[in-house]
Structure formats: structure tokens, C-alpha cells
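Peer 1: As given, the protein sequences belong to chains S and L, one line each in that order.
With my numbering, you'll find the first sequence wraps up at 637, consecutive numbering, no jumps.
With my numbering, you'll find the second sequence wraps up at 1274, consecutive numbering, no jumps.
There are 2 protein chains.
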Amino acid sequence: MAKYKVIFLPDKVEVEVEGGSLLEAAGKAGVYIDSECGGQGLCGKCRLQILNGNAKADKHAIGFFSGEEIRDGYVLACQTAVTDNLKVGIPAQSRLEMEEIVTEGTPVEYSQPGKVSLHKVAQDPASLSEPLVNKVYLELPKPTMEDNISDIDRVTRELNRQLNFSSYDISLACLQNLADKLRQSDWKVTATVARQDGKGRLLQLEEGNTTDGNYGLAIDVGTTTMVVQLVHLKTGEVIGVEGNHNPQARYGEDVISRMIFACTRNRLNPLHKAVVTNINDLVEALTREKGIDTNNISCVVAAGNTTMSHFLMGLIPCSIRLEPYIPTATIYPQILAKDIGININPDGILEVLPSVASYVGGDIVAGLLACGLGNNPEVSCLIDVGTNGEIVIGNDEWIVCCSASAGPAFEGAGTKWGMRASKGAIEKVVIENSRVTIETIGKAKPRGICGSGLIDSIYELARNKIIGQDGKFDLSTDNERIIVKEDGPQYILAFLEETETGEAVTITEIDISNLIKAKGAIFAALKSLTDYVGLSFGQLDKIYLSGGFGSSLSIPKAIAIGLLPDIDTERIQYIGNSAIMGARIALLSRSAFESAVSLSKTMTNIELSNYLPFMNEFIASLFLPHTDDRLFPSIHY
Amino acid sequence: MAKYKVIFLPDKVEVEVEGGSLLEAAGKAGVYIDSECGGQGLCGKCRLQILNGNAKADKHAIGFFSGEEIRDGYVLACQTAVTDNLKVGIPAQSRLEMEEIVTEGTPVEYSQPGKVSLHKVAQDPASLSEPLVNKVYLELPKPTMEDNISDIDRVTRELNRQLNFSSYDISLACLQNLADKLRQSDWKVTATVARQDGKGRLLQLEEGNTTDGNYGLAIDVGTTTMVVQLVHLKTGEVIGVEGNHNPQARYGEDVISRMIFACTRNRLNPLHKAVVTNINDLVEALTREKGIDTNNISCVVAAGNTTMSHFLMGLIPCSIRLEPYIPTATIYPQILAKDIGININPDGILEVLPSVASYVGGDIVAGLLACGLGNNPEVSCLIDVGTNGEIVIGNDEWIVCCSASAGPAFEGAGTKWGMRASKGAIEKVVIENSRVTIETIGKAKPRGICGSGLIDSIYELARNKIIGQDGKFDLSTDNERIIVKEDGPQYILAFLEETETGEAVTITEIDISNLIKAKGAIFAALKSLTDYVGLSFGQLDKIYLSGGFGSSLSIPKAIAIGLLPDIDTERIQYIGNSAIMGARIALLSRSAFESAVSLSKTMTNIELSNYLPFMNEFIASLFLPHTDDRLFPSIHY
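1) Would you decide whether GLY676 of chain L is buried or exposed? Buried here means 16 or more other CB atoms lie within 10 Å of its CB.
2) State the CB to CB distance for the pair ILE957 of chain L and TYR1096 of chain L, rounded to an integer number of angstroms; the pair is presumed to be in contact (CB under 8 Å).
3) Taking PRO327 of chain S as the query, report the chain L residues whose CB atoms sit under 8 Å from its CB, ordered along the chain.
4) Starting from the beta carbon of LYS1238 of chain L, find every residue of chain S whose beta carbon is closer than 9 Å, and list them in chain order.
5) The stretch 317–343 of chain S: which residues have C-beta closer than 7 Å to a C-beta of chain L, in chain order?
6) Taking C-beta to C-beta, are ILE391 of chain S and LEU529 of chain S nearer than 8 Å?
7) Looking at LEU952 of chain L: is its Cβ nearer than 8 Å to the Cβ of GLN176 of chain S?
8) So if DSSP puts ARG1227 of chain L in a beta bridge, which residue, or which two residues, is it bridged to?
9) If you follow the beta strand (DSSP E) that PRO489 of chain S is in, where does it begin and where does it stop?
10) With the cut-off set at 8 Å, would you say THR861 of chain L and GLY880 of chain L are in Cβ contact?
11) What residues of chain L sit near GLU607 of chain S, judged by a beta carbon separation below 9 Å?
12) Please list, in chain order, the chain L residues whose beta carbon lies closer than 7 Å to that of ILE364 of chain S.
13) If VAL1073 of chain L sits next to LEU1130 of chain L, beta carbons under 8 Å apart, how far is it from one beta carbon to the other, in whole angstroms?
14) Can you tell me whether GLN885 of chain L is buried or exposed, with buried defined as 16 or more other CB within 10 angstroms of its CB?
15) Answer with yes or no whether the minimum CB distance from LYS273 of chain S to chain L is below 8 Å.
16) Which one or two residues does DSSP pair with GLU1064 of chain L in a beta bridge?
17) I need the DSSP call for GLN866 of chain L, collapsed to helix, strand or coil.
18) I'd like the list of long-range same chain contacts for GLN49 of chain S, defined as Cβ closer than 6 Å, with 5 residues on each side in sequence excluded.
19) Could you check how far apart the C-beta atoms of PRO354 of chain S and GLY362 of chain S are, in whole angstroms? I think they sit under 8 Å.
20) For ILE963 of chain L, tell me which candidate among S:VAL597, S:THR144, S:CYS46 has the shortest Cα-Cα distance.
21) Where do the ends of the alpha helix (DSSP H) carrying ARG820 of chain L lie?
22) Can you list, in chain order, the residues of its chain whose CB lies under 8 Å from that of LEU159 of chain S, leaving out five sequence neighbours each side?
23) How would you list, in chain order, the residues of chain L whose beta-carbon sits under 9 Å from the beta-carbon of ILE170 of chain S?
24) List, in chain order, every chain S residue whose beta-carbon is nearer than 8 Å to that of ASN814 of chain L.
25) Which first and last residues belong to the beta strand (DSSP E) in which LYS557 of chain S is found?
26) Between the beta-carbon of THR741 of chain L and the beta-carbon of MET1056 of chain L, is there less than 8 Å?
27) Is the beta carbon of LEU51 of chain S sitting closer than 8 Å to the one on LEU9 of chain S?
28) For a contact meaning CB atoms closer than 9 Å, what does ASN1025 of chain L contact in chain S?
29) With a threshold of 8 Å between beta-carbons, can LYS836 of chain L be considered close to chain S, or not?
30) Straight-line CA distance for VAL997 of chain L to PRO317 of chain S?
31) Leaving aside the five residues before and after ARG665 of chain S along the sequence, list all residues of the same chain whose C-beta is less than 7 Å from its C-beta, in chain order.
32) Taking Cβ positions only, does ASP347 of chain S come closer than 8 Å to chain L?
33) Can you tell me whether SER1232 of chain L is helix, strand or coil according to DSSP?
34) Should SER748 of chain L be labelled buried (16 or more other beta-carbon atoms within 10 Å of its own) or exposed?
35) Contact criterion: CB-CB distance below 8 Å. Does ASN1247 of chain L meet it with respect to chain S?
36) Check the Cβ-Cβ distances between ASP823 of chain L and every residue of chain S, and say whether any is below 8 Å.
Here it is, written out as C-alpha cells:
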């Protein structure tokens, strides 16, 4: 077959391909291109400009471009076959620049006399009980004719004196060189011990005292971004953090697109490999930077939503997508990390935090560990806003949860100029009279709007009565920033001469409608759940909010648009990346991990898709802040 | 490097090598040559005749050959480097022809009211309880919104209705395709379930009802021979049997030589691979012959002595050899058979029967299952005669055991014309006046003498007063069959014109002395053990004898030379290959396997090497039948 060279600008990344689509060529080159729909030609996000060579936008793509753009060589990468040597430019809005990824949770402040809070582990290494994988130094008596038990019995006899397991399993690899290890070390060894099914599992034996060299990984396997923390298991210290985009994005922006890719074409493996390879890349970067041998990493705890956990473990996720929404498993077996290709110590283990149901995953269970919900007599609430909004309410006696299909609007997707909370995203908006003040991430020229910017925009537009409480523009007033184009009325946040892209950054009436639906779904889910347990919002002692809004999220404005309930803002806390924090807590505390498993079994999942009260609440919520203004007594537009 | 072609006659097996020894070339060619000492040039067994090409017997080998033999091109294979193309003849006594391998145990007849005897399982499939690995057919209700538990929870919910496990583990491989398996099969599947640590372990899920296709392997991993039985796990039927020599013989005839090979040269791997490859060869032959898919083999139970079990599992056996005789393990973890390279279903498991100590292995524990010792209120005794003599005495309340270094004399090694019980071996000897009547295995020309023939010979020589009760020849009489050569006085059992080798087959005074030491060690061990528990021989209800004597073993003659105690011969039974039978019982009955594990923990091993009473008994036993003739009241020479 003929081979073609494709060069991607501005980074001059070259790749040689034998046909295939331009999007596939980008994937092969390691160039990440936005492709929300997974290459179906539907989202119009994978815009590229052909600078050199013969490649025409095909008819499927025509609708996405103006005549001028077509003349300038704009194409959709997924709909363009490579049949020539090409030089290709990547427009700014198609480029996924390094986000400001949230790599840590915010410590939750509460104290509870007489009881060690699990989440304290993450903040206070002194409260460390026992990490998920322990290293124990043993000085064994040498065998004699009077004491001639087998080598492994000699090791477990000593372990019994130091640990609390009733019995021990041993890996074959460890058993195979046990005799030499013991004798070469003069019977002074360090045992690496995990817990499996209530028994100790001897993973590894090292010569001498190596208890200082025991590291673990906490991993947030997010749909959009992935974060890895390298943690010292003896001190609890976070040694380093790495994060990047989930490279599965090339197969679709959200879990549904990715499931469609994996299931309709029977191609689970690329998605599985993408996440594992990315973990290995992040781990390699971390260990190289910190000068740590990957063999000293004995344990991984991963938190992800149910679909991501399935992709990670290589489980078939296909029935998650369709009613009745069945996952392969919600509690995942402990496996060797190497069994799915993660490059740590070959005897090191992987624990994936348990899910509750298809749309309440291990990331939410991790969130509970991070905010102490389930370990506290106070009734608190965790709201995680991503593609879905997951909501948990409960205390140490009961927990209910649900998931609402809110759409990814607050993560910046599904709106015209929406983007993730990365460089150039408008994160703050204030409108005073006709004067618009915006702040962008990294003080860069505006490229789009992230979640906090969208919340600000809607609030400011409504407060200035530029839109009504129904989210519609008041076109009767004369406002130079309001324009009407083919896609309807929109408000200019940044004029074309101010932006990176050379196009004005706007928020459209359709965007606002989508955002109102999204906030309405989350609020309606929260209302349904509180009603289900017979509580008012005022009875929630705490609301913890996590998600990819961006760090500038304004709680008062989120209340004002009706995303959050109208309670004392002091009782609402944005806790950032609660999944990574929960994963680390589980890594550092065996009892926390076990608590996560039992929490996941305790949680009652309310399936909203068939729940009539939710439908009614949703309709009532499609207003700013709500059709029932008694629910928002402090809000006055 | 130069390459040389070596052709072995009579089978015209060719091999190409780049130097190395002739013994190594034979190994590479798959030609099995006797090499008791493991290639150290000490035993003189690996005699080959150079027929063509340039290869001289080197100085180390000179002592083993007459001048004529050297002229005829005889060399020791291990001491001869290949530096030319060679045609090589294998003398008959160096060739290991197919033995009459004992591939089954003899059913033990006893009944015990109100209690199912474990050993019955081997004879009566109707008594089958539950095999070590079960296949269970499940018809699952399809998921609905009301019954939307995860796939794995749906499977285990149904398993709970059919099996008695408290909970279930699942292999990653099984979990990874669970979702598709369930849906493709329309929720009708067969689960393969093993037991691990008291929990069920789901190994495999197959579409439809495959419960009829569940096979297991019982393997006797003997030092000398290996036997594999293919067993239908649902019916208990033995579908086929294969056996051959343990190819580890090329690294040494006995476990000590093999440990020296493995440990002094740090070459465990060839020994591990040899036994695994041989198992695969036997399994391939069996499955091909019977038309059975290896994927339908879900389970292997192996019985071997402690050293062989270590070689099989790939454990370092080196400290077994030297005081204080420490094995790596006596209870072996359940592993996947594929983890050590055994080709059955990749999710199939391997259980190695537990050992008691370095010199009382899983073969003996298997023997207990076969003869019911430990499961029976009668006090019985198992004597297994191989390189070591292992002796067990006990009932269902207590068990003691020991191992005596008897040497391999009764297996045919260590005596001038000794050989295993294979074609051409003299297995029966009767001497009436000067007339000697011999019978050989396969009615072939005599090639040597096997265990039963050696026992007969000594008994007949003593009965005819050709030797005294001290085992020394009476050289004062005129007997044409008694000759005196460089290696001392010897008795001709077959004249050179009668034999396959063209040399007379004799038994020497040194042989007799070695055999008296061997029988003395076994008897002394038995006496020490009965004294230890305060019993007389008469209080032993049964003595079960196993070992490689050959099927013609005469119990009365074995008593008469003082190998076995002088009790009613009706109470002594030769039970053949009790290891393979015990392995099969464990394969067919989970409770029998668990009983084997608990028996191995119950057994008290008496270490004879430091046990003074044994030394005294041994000295007293070096006489025919014994220095204390009150112990053998019925024997009169």
C-alpha cells in the first residue's frame, strides 16, 4: 500500500500512514484532537486545516463550515481520508492544551470526638493505621534439627507475631525463590503483605530491611482527565502528582460515545489499552522525576466511574449503556497490577474502588471517603457534577444515591464555546451595566468558557435582565453584545479582536437552555433524593460539591441560578478532586478501603430514569432559579 | 561454531550439536541413557559404543572398561566431547526400554459401617461426593429494572442455590468476558467452580450445559517413572492412562543427584522444565488418543515426594538435601496449571498433594488416601519402598511416620545387574539343589534383575545355604555358579549364552550386602516406629506395601529375608502404585483432598537420622532375617 506522510502544525509532529482517516493519523501521531462523538462526523469538533496536499472536506462535513472555511481548507478530521502527503494545521479550539487538572481534593474540616475519621488519613499521616500493602521486617531464627519447619512456615510464624491475619497465602513467584532469599539474606528479610479475603497474602520477600521503600499509587481514572499520585505508604506523604487528558478521548468525549465505539465495533481493547498505557506513562514520568524504582511500588488504588472501571479492568461495559443498565461487576476482584499491564512491581496489586451501580461508580465511593460521608452521624450530601450528576445523601446509618443525566455542560462540552477549565477559558464573568469584565485561566486570550464561567455568565445575564428567568434573551433592548446568527441569539463575552481564535466568544440561547436543563437535572435529582428520605435542604448539615467547574466556582452564583439549594453558603464546600483524595485514603488505610467496600454495599441507588417524582421536579427546575421561588427565598433577580 | 551430526543406533535417532558431551547430545536427541550420577563420570552407567567417527574414551572413563571394550570404542557418554560426526551404538543395558510401569493402585478391601471410606471413591464412582473442580449448569433470570444486579452477582446468586460456598472469587479472565458469555448464551451457562481457601472460585463460564465435559488429571510424579490418569470428573471413570520414565533421569538417577545438579550449578530450570514437558507429552498423547479437548481438563492433582513436588512447582529444593533438611513448603498453594506451563484449560488449577517433611512427601500422603490409613480406627501401616523407605503407622486418631535412607537397591539400582522392573528383568528366582529357574519380565532374554528377583535370589541363596545368614558366600562348596572376580564372589543367575547382553547376569556378595543394608534400614525404621508408639508388629491390623518391586513380589520371601515383619501374610498386601490412586481420589473428592491436607498436618515425622534407637535396630537387622530370631519365629533357614 502507498504510504503518506502527515505533518501536524504547530508542533510539527510527523506520522506515516497507509490510508485511514486524518483523525486516526492524529491518534497514531499522539496528537490529541477533540472528537466528542468518537469519529462519527456528528459533533464537528475535530476541525483541521489542510495547509498542503490534496484532501477535500467531504459532503458529510459540509454543514459544519462556512464557504470561506471550506476554501481555506477546513475539514473534519474524522471524515477525511488520507490519500496524499499532508501538512495540517490544528486550530486553537481543536487543540487540547494541558488543562489545569485538579489533582487533589480539598481537606474537609470536621472533627468527631472519640472516633478517627477516615478522611483524616489523607491530611494527617500520623493517623495512618495500616496501608493496603504493608512491608514488614522479619529477623528469623535459623532452622535446626529441633526447629525444622518449612521455610514458608518459618516466615508465616514470624508474620503472625507482627500482623493480625489468621493465615497467609503466598504467590507462586514469591514461593519459588523463597529458599534462596532467606539464606542469601541470612534470614533477615522484608515481607510485602497485602490483604485478600481476610487473609494475608505474601506478595514479595526482599533481603534486609526495605520497609522504607514502599510506595503506592492513587489513581483518578476520570472520563476527561486522569491523575496519578505517588504516595509513600510508610509516611503517607504524596511524593509526586501527574495528570493529563484521558487519551480515550480519541474514541469519544464521554462514556456513552466510548461504549458505542467499544461495543458496536467490538473494540474494547483499544480503550482498555489507552487507559493502561496512559497510567504507565504517568507513572514513568513520576518515578523518573522522583528517582524511584517502579519495583518499590507495591499497590495501586484506582477510582473511576463504573464505565471507566470496566475499561480499566478490561471488562465488557456494553450493557451499562442500555436499560436495565447492568454492569459486569460492582465489586472488583483484587488482581495483580501486571495482569492488566500496569508497570509496577510484578507482584504488586491493583484494587479498583467498588461501584454501586452502572451510574454511581468508584469515584463517588472515593468521594465519600474524602468527605467522611458514611462515617459521620451528621447528614451530609455529596454532589459530583460531570457528564452525569451523582448525588449522595446519608450518614453513618444510611446512604441513598442517584445519578442524573445532566450532560457535560458544566465541563464545557455541548455548548458553542464551552471548554474545559484550561488555559484561555473564561472562568469569571461580571456584567455591570453594559461593561463586561472577564477573567481567563492563565490570563491568556480567551479561547472559550469553562464551567464556572458559564455559571457566572448565566447569573450575570439574568441579574442584568439581559435574559429572562426562562433563559431567553430580551431582544427588545438595544445591546451591542447581543447578536442573532443562524444558531440564534447570543451574547458576546469577548469580541473577535480580543480572542485567541479570532472569533468572538459568545454564549447562545441554546447554550443557556442546555445549561438550565443541566442544572435543573441536578437540582431535581437532589430534591427527589431529599424528598425520598423525608428531609428538607435545611436538614443537610453539609453539601460537598466536586466536579470540573474550575477553581473559581462561585457558590453564591451556583445557588442563584438554581444549581445548588438555597442554604447558608457556609455549609456548602467545593472539594475539588474528591476521587483522587478518596483513592489515596483507601491506599493508606486498609480499614478505609474495607469501609469503601461496605459503603458501596450499603448505598441504596434510586434509579431516576423510571422515577416519576424526578420528572416533575425536573420540569419545575427549568427556570432561574426555579419555578417555585419559595425554594430560593434569598434569590431575587 | 562447527556443527556435528550424531546418529544413535539402533533407533537411528539423529541430532545436530555444536560440541558438548555425548550425554547432552543424547538428551537433545530425546534418547534416554542411564546416568545415575548425573553426568559426573562416577557411576559408569552411560556406556555407549562409538561405531563411526573420532571420539576417544578419556582418562576419567578408563577404569570402567576392559582393554577390549576400549578397543571396541566403548566410552562414557558424559565424559566424551562431541568433536566429530558420530554414529553411536547404545548397548542394551544402557538403553531404558519401556518399563512395565505400575499405573494403578490395588483396591484395598475393607468396609466400615456408617462411614464412607475415602478410598471407595476410587473404586465406586457412585460414592462420588464433589470433585475438586465442579461444573454447574445455571439457568439465570434475565435482568430487569427491578432485578438489575450486576452480572457477577446474578451468577453467584444462582451458584449459592446449588453449592455450599459462603462466597465466590472470580478469575480476571472469567470476569472479562462474563457480560458477553451470559448474553450470547441467553443466560444459560455452565460455571466451572473450584474451592480455594474455603471459598468458591469461579474459573470459567461456558455457554449452555457442558457439565458432561469435565476432566481431570491424576499425576504420579515419581522419581523414576511418571504416570498420568485422565479422569472423567462427573462419572469418576478413568478414561485413559499414560506413563513413562521421568526424563529428569538424564540429570541424575535419584533425587539427591538431581538436587546436586540443580543446586551446585544453579540449574533448577532444566529439571522443572523436564517434568512439565513430560506431563504435557503424556497429556497430549492421552487427549489425542481419546479425542478429548485439553480445554475440558479443568484440574490436576499431582502426587510426588517432596523433592519432586518442589521440582514440579519450580521451588528451590536445595536445603532439602542437607541437615536440617528444610523444604521451601510442605503445603503447596493452589495455582493455575498454566502458571507452571501445564497445557490444560488456561483457567484450570493444579493442586500438589501436601508433604509432611523433606523426606515424607505427597506420594505418601496420597498412599494414605489409597489405603484408608488415617480414616480408619484400625491401626495400619504403609511401607513405600523406593530410594527411601517411607513408613507410616496410625489410625483415625494419630499418625506417625518416618523415612529411612534405604538406597534404591530394590528398584534395581546400586547392584551390579540390578535394573528396574522392565523387559528382560529377572523377576522370579527358584533354586532347587543346583538347578536355577528364572522368570523374566516379558519372557525376554535376561538383561538384569529387578526388585522381586533380588528378594527371591537372596532368599533362595540363603535357603540353599549358598550364602550364610550374614549374606556371605560359602566358598568351601563346589558350585559352578559361584565365581570370584575382581569385584568379589558372585552367583550366576543366567549364563552369558542365555542373556541379551552376552554377559552372565550375576548377584555379587557386595550386592547382597547392599540389599541386606536396604532391607535392614526399612525393617529397623518399622521397628523403631512401632516401638515409638508402643505397639508390637502383631498389633498392626494391616501392612500395605507399595513400591517398584515388580508385580511378582513374593510377600513370604520378603518376610523371610527380614524386609517385612513376620506376621500373618494375609494381613500384608502389596498395593502397587498407591500414589496415583491417592491422587485420583483427591481429584474426585474435595473432602478427600482436604482430608489429605489435614492428614499431612496431623502426621508426626520422626527424624531417624538423629534417632539412636534406629541406629541400634539397623545394626541388629543386618542379618538374614535378623540377629534376633525371636522376631521371625516362622523363618527357619
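Note that beta-carbon positions come from the ideal geometry of N, C-alpha and C, so glycine has one too.
Peer 2: Let me lay it out:
1) Residue numbering aside, residue 676 of chain L sits at position 39 when the second sequence is read from its first letter. Of the residues assessed, GLY676 of chain L falls on the buried side of the cut-off, its CB having 16 or more other CB atoms within 10 angstroms.
2) Within the second sequence, the letter at position 320 stands for residue 957 of chain L. Within the second sequence, the letter at position 459 stands for residue 1096 of chain L. Contact doesn't hold; Cβ gap of about 35 Å is too wide.
3) Here residue 327 of chain S corresponds to residue number 327 of the first sequence, with the count starting at 1. What PRO327 of chain S touches in chain L: SER787, ASP788.
4) Counted from its first residue, the second sequence places residue 1238 of chain L at position 601. Those do not exist, as LYS1238 of chain L stays about 11 Å from chain S at its closest Cβ, beyond 9 Å.
5) For the stretch 317–343 of chain S, the beta-carbon criterion of a distance under 7 Å to any beta-carbon of chain L is satisfied by CYS318, SER319, GLU323, PRO324, TYR325, ILE326, PRO327, THR328, ALA329, THR330, PRO333, ILE335, ASP339.
6) Locating residue 391 of chain S in the first sequence gives position 391, counting from the first residue. Locating residue 529 of chain S in the first sequence gives position 529, counting from the first residue. At the C-beta level, ILE391 of chain S and LEU529 of chain S come within 8 Å of one another.
7) Position 315 of the second sequence holds residue 952 of chain L. Position 176 of the first sequence holds residue 176 of chain S. Contact flag set, yes.
8) The residue labelled residue 1227 of chain L in the question sits at position 590 within the second sequence. Under DSSP, ARG1227 of chain L shares a beta bridge with no residue.
9) The residue you call residue 489 of chain S lines up with position 489 of the first sequence. Start and end: 488–494.
10) Residue mapping note: residue 861 of chain L aligns to position 224 of the second sequence, counting from 1. Residue mapping note: residue 880 of chain L aligns to position 243 of the second sequence, counting from 1. Against a cut-off of 8 Å, the Cβ pair of GLY880 of chain L and THR861 of chain L comes out as no contact.
11) To locate residue 607 of chain S, count along the first sequence from 1; it is residue 607. Against chain L, a Cβ distance below 9 Å from GLU607 of chain S picks out MET782, ASN785.
12) Mapped onto the first sequence, residue 364 of chain S falls at position 364. Those do not exist, as ILE364 of chain S stays about 16 Å from chain L at its closest Cβ, beyond 7 Å.
13) To locate residue 1073 of chain L, count along the second sequence from 1; it is residue 436. To locate residue 1130 of chain L, count along the second sequence from 1; it is residue 493. The Cβ separation is near 6 Å, so the contact holds.
14) Within the second sequence, the letter at position 248 stands for residue 885 of chain L. GLN885 of chain L comes out buried.
15) Start at 1 with the first residue of the first sequence, and residue 273 of chain S comes out as number 273. Not closer than 8 Å to any Cβ of chain L, the Cβ of LYS273 of chain S fails to qualify, so no.
16) Residue mapping note: residue 1064 of chain L aligns to position 427 of the second sequence, counting from 1. The bridge partners DSSP lists for GLU1064 of chain L come to none.
17) Your numbering for residue 866 of chain L matches position 229 in the second sequence. Strand, per DSSP.
18) Residue mapping note: residue 49 of chain S aligns to position 49 of the first sequence, counting from 1. Cβ neighbours of GLN49 of chain S beyond the five flanking positions: GLY73, TYR74, GLY89.
19) Here residue 354 of chain S refers to the residue found at position 354 of the first sequence. Here residue 362 of chain S refers to the residue found at position 362 of the first sequence. In this structure PRO354 of chain S is in contact with GLY362 of chain S, their Cβ atoms being roughly 6 Å apart against a cut-off of 8 Å.
20) Translated into positions along the second sequence, residue 963 of chain L becomes position 326. When only C-alpha atoms are compared, the closest one is S:THR144.
21) For the purposes of this step, residue 820 of chain L is taken as the residue at position 183 of the second sequence. In this chain, the alpha helix (DSSP H) harbouring ARG820 of chain L covers 815–821.
22) For the purposes of this step, residue 159 of chain S is identified with residue 159 of the first sequence, where counting begins at 1. Listed in chain order, the non-local C-beta contacts of LEU159 of chain S below 8 Å within the same chain comprise VAL136, LEU138, PHE165, TYR168, ALA191, VAL193, GLY200, LEU202, local neighbours out to five positions each way being set aside.
23) One-based indexing of the first sequence puts residue 170 of chain S at position 170. Against ILE170 of chain S, the close residues of chain L are ALA966, PRO970, in the order they occur along the chain (beta-carbon pairs closer than 9 Å).
24) For the purposes of this step, residue 814 of chain L is identified with residue 177 of the second sequence, where counting begins at 1. Residues of chain S passing the Cβ test: ILE316.
25) Residue mapping note: residue 557 of chain S aligns to position 557 of the first sequence, counting from 1. Going by DSSP, LYS557 of chain S is part of no beta strand (DSSP E) but of the alpha helix (DSSP H) stretching over 555–560.
26) Position 104 of the second sequence, counted from the start, is the residue given in the question as residue 741 of chain L. Position 419 of the second sequence, counted from the start, is the residue given in the question as residue 1056 of chain L. Before going further, note that residue 741 of chain L is Glu rather than Thr in the sequence given. Result no, Cβ atoms of GLU741 of chain L and MET1056 of chain L do not sit closer than 8 Å.
27) To locate residue 51 of chain S, count along the first sequence from 1; it is residue 51. To locate residue 9 of chain S, count along the first sequence from 1; it is residue 9. Yes; because the gap between Cβ atoms is below 8 Å, this pair is in contact.
28) Stepping through the second sequence from its first residue, residue 1025 of chain L is reached at position 388. Near ASN1025 of chain L there are no residues of chain S at all, since even the closest Cβ is about 17 Å away, more than 9 Å.
29) Against the second sequence, residue 836 of chain L aligns to sequence position 199. Yes, contact with chain S.
30) If you number the second sequence from 1, residue 997 of chain L lands on position 360. If you number the first sequence from 1, residue 317 of chain S lands on position 317. Cα atoms of VAL997 of chain L and PRO317 of chain S: separation of roughly 51 Å, rounded to the nearest angstrom.
31) Residue 665 of chain S is absent from the structure shown; chain S starts at 1 and stops at 637.
32) In the first sequence, the residue the question calls residue 347 of chain S occupies position 347. Output row for ASP347 of chain S: interface = no.
33) As a working note, residue 1232 of chain L is residue 595 in the second sequence. In the structure shown, SER1232 of chain L sits in a helix (DSSP, three-state: H, G or I).
34) The sequence position of residue 748 of chain L within the second sequence is 111, counting from 1. Residue confidence is low: SER748 of chain L scores 45 on pLDDT, short of 50, so the model does not pin down where it sits. Its coordinate-derived value is still stated next. If you draw a 10 Å sphere on the C-beta of SER748 of chain L, you find fewer than 16 other C-beta atoms in it, and that means exposed.
35) Along the second sequence, one-based indexing puts residue 1247 of chain L at 610. True, the Cβ-Cβ gap to chain S drops below 8 Å.
36) Residue numbering aside, residue 823 of chain L sits at position 186 when the second sequence is read from its first letter. So no, ASP823 of chain L is outside the interface.
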